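Peer 1: In my numbering, the protein residues as written are 551 to 621. For each residue, glycine too, the CB sits at the ideal point set by N, CA and C. Note that the structure is predicted; figures quoted are calculated from it, not measured.
Here's what the structure looks like:
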């Protein structure tokens, strides 16, 4: 599934956007299957190993890491 992630608010620990996204997915069941690509309208786009049925779990993962998803 293709995902595009943008900030809800910046992370507290000073991580950059790309590193924060990679960290959020690193130990999740939704592994990244493509490199992060800077999106022209902001944020990063990438593919992750997930299905439409996984949306609620992905939203929770993003909330846990202070990220907002635009799917």
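Cα separation between residue 552 and residue 595?
Peer 2: Cα to Cα, the separation comes out at about 7 Å.
Peer 1: What three-state label does DSSP hand residue 582 in the structure shown?
Peer 2: The answer is strand: DSSP assigns residue 582 an E or B state.
Peer 1: Rounded to a whole number of angstroms, what is the C-alpha to C-alpha distance between residue 604 and residue 614?
Peer 2: If you take the alpha carbons of residue 604 and residue 614, they lie about 15 Å apart.
Peer 1: Kindly indicate the opening and closing residues of the alpha helix (DSSP H) around residue 573.
Peer 2: Element bounds for residue 573: 567-576.
Peer 1: Grouping DSSP H, G and I as helix and E and B as strand, with all else coil, what is residue 613?
Peer 2: Three-state result, residue 613: helix.
Peer 1: Can you grab the Cα-Cα spacing for the pair residue 571 / residue 606, in whole Å?
Peer 2: Cα to Cα, the separation comes out at about 17 Å.
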